[in-house]
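J.: Residues 10 to 193 (our numbering) make up the sequence shown, in order.
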Amino acid sequence: LSICELLFTLQLPTQSVGDAVLASLLGDEVRFSTLFESFVRNFYRHHYATELTVQRERLSWGDLLMNPLVPSMNTDITVVEKAPPNRRLIIDTKYYSKTLDQGPFGGPKFKAGNLYQLYTYLRTQEDRGPRFRDAQGMLLYPTTQQELNESMEVQGHRIRIATVNLALPWEAIEVRLHKLLRDW
Numbered sequence: 010l011s012i013c014e015l016l017f018t019l020q021l022p023t024q025s026v027g028d029a030v031l032a033s034l035l036g037d038e039v040r041f042s043t044l045f046e047s048f049v050r051n052f053y054r055h056h057y058a059t060e061l062t063v064q065r066e067r068l069s070w071g072d073l074l075m076n077p078l079v080p081s082m083n084t085d086i087t088v089v090e091k092a093p094p095n096r097r098l099i100i101d102t103k104y105y106s107k108t109l110d111q112g113p114f115g116g117p118k119f120k121a122g123n124l125y126q127l128y129t130y131l132r133t134q135e136d137r138g139p140r141f142r143d144a145q146g147m148l149l150y151p152t153t154q155q156e157l158n159e160s161m162e163v164q165g166h167r168i169r170i171a172t173v174n175l176a177l178p179w180e181a182i183e184v185r186l187h188k189l190l191r192d193w
């Protein structure tokens, strides 16, 4: 439905000549972020329904004082193996015109806010058991400037930062998405 809405929006008349609507939509990081997130979640849900649970998940902070002002967190995509050891992967999809930030002393760097968010998802669940303590995370971006396929490990959690090039033919996109999940 999101794709249909997007196509409908592209057909709306404007006062501008040319592809002004397309240009403005491509710059709409919020709309495309939601569309990209839904696409990836539904792709994995469709292709791995028999072996994995793929869903959005509401996480709590595990606040022992149970302060009612503490917000909940929602993952973009949580993937859990149906068979033991029930490994967990939290995928946080992002859509930005620039995937990397410029470091304060030069050179490209991962977006710190994205890492903090994913790290929080992973760490706040550790008290729920071994599969939560061993959970892995992935930041997944559409390719905008360069391909990324990087990994890091922080306090027992492997975090992958990767891209998928949506400008490639569908078959290549499908292969890439399958590979990202297989390499988990």
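We put the beta carbon where it would ideally sit given N, CA and C, even for glycine.
Among the residues of its own chain, which have a CB less than 7 angstroms from the CB of residue 180, if the five just before and after it don't count?
T.: For residue 180, where only same-chain residues beyond five positions count, there are no Cβ hits under 7 angstroms.
J.: Could you tell me the boundaries of the alpha helix (DSSP H) in which residue 122 lies?
T.: That run of the alpha helix (DSSP H) goes 121-132.
J.: Check residue 53 in the structure and name its three-state DSSP category.
T.: Helix.
J.: Do residue 108 and residue 150 come within 8 angstroms of each other at the CB atom, strictly closer than that value?
T.: Result yes, Cβ atoms of residue 150 and residue 108 sit closer than 8 angstroms.
J.: On the DSSP letters alone, give me the boundaries of the alpha helix (DSSP H) that residue 142 sits inside.
T.: Looking at the DSSP string, the run of the alpha helix (DSSP H) that includes residue 142 is 139-142.
J.: Helix, strand or coil for residue 188 per DSSP?
T.: Residue 188: helix per DSSP, three-state reduction.
J.: Taking the DSSP output, what are the residues bridged to residue 196?
T.: Coverage of the chain is limited to positions 10 through 193, which leaves residue 196 absent and any answer about it impossible.
J.: Would you give the residue range spanned by the beta strand (DSSP E) that residue 90 belongs to?
T.: Counting along the chain, the beta strand (DSSP E) containing residue 90 begins and ends at 86-90.
J.: How far does the beta strand (DSSP E) with residue 64 in it reach, from first residue to last?
T.: Residues 61-64.
J.: Going by beta carbon distance, what residues of the same chain come within less than 6 angstroms of residue 67, once the five residues before and after it are set aside?
T.: The answer, listed in chain order, is 81 and 83.
J.: Under the three-state reduction of DSSP, which class applies to residue 39: helix, strand or coil?
T.: Reduced to three states, the DSSP call for residue 39 is helix.
J.: I need the DSSP call for residue 110, collapsed to helix, strand or coil.
T.: Residue 110: strand per DSSP, three-state reduction.
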